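In the numbering used here, the protein residues as written are 314 to 454.
Beta carbons are placed, not taken as given, at the ideal position from N, Cα and C, and that holds for glycine.
Values in this document were obtained by computation on a predicted structure and should not be read as measured data.
The next block holds one structure in the form of structure tokens; read it before the comments.
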Amino acid sequence: MATTKAARTRAQAKAGYDAFLAACPSRQLLDRISDKWVALILAALGSGPDCAGGPRPMRYSELSRLLAGVSQKMLTQTLRALERDGLVSRTVVPTVPVTVSYELTDLGLSLHRTMRGLKAWAESHMDQVLAHRATHDATPA
């Protein structure tokens with residue numbers, strides 16, 4: 314009986330999520346996944362550096378090399394946050410030195426598809442965006 318009540322409470326809360334409301338937890342999640350490093354990490358883990366393969370685990374150093382400009386601190390913080398949210402799993406293999414790899418969870422894979430599309434859209438429309446920026450900046454205010 315308690316399980317049914319808990320499930321009903323969760324269902325009611327889920328139905329009440331509205332990211333337009335400041336206190337909604339889904340807004341906090343949107344804040345997290347809209348971060349550029351999150352988007353790039355999810356895209357990288359979902360298809361690797363060549364963007365042709367399927368999802369695969371990647372070591373920290375491999376991610377660091379792939380994500381040009383990310384600091385060690387930012388990469389570590391972002392991976393920890395993604396792990397906490399259940400989007401990424403961390404596997405430690407007791408070798409010398411210790412091997413740590415990161416991989417998308419099923420939840421992360423479901424978000425990866427969206428992030429991959431967003432990355433592809435940005436790359437394919439960048440020329441248009443740059444042209445619009447140039448036109449806008451050249452127009453007197």
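Assigned secondary structure, Leu379 (DSSP; H/G/I helix, E/B strand, else coil): helix
Within the region 378 to 416, ranges of the beta strand (DSSP E) (whole runs, at least 3 residues): 401 to 406
**Asked** By DSSP, does Arg372 sit in helix, in strand, or in coil?
**Response** strand
- Item | Unbroken alpha helix (DSSP H) run spanning Leu343, endpoints | Pro338 to Ile346
- Item | Pick from Thr448, Arg393, Leu353 and Ala447 that is closest to Met428, judged by C-alpha positions | Leu353
To the nearest angstrom, how far is it from the Cα of Asp331 to the Cα of Leu400? 21 Å
Quiz item: Looking at C-alpha atoms only, which residue of Cys337, Leu342, Ala335 and Leu358 is the closest neighbour of Asp419?
Solution: Leu358
*For the region 380 to 390 against the region 404 to 412, are there 3 or more C-beta pairs whose distance is under 8 Å?*
no
Which of the three DSSP states, helix, strand or coil, is assigned to Gly430?
-> helix
Need the endpoints of the alpha helix (DSSP H) that Ala357 sits in, please.
Lys349 to Ser360
Measure the CB-CB distance between Ser360 and Pro370 and report whether it falls below 9 Å. no
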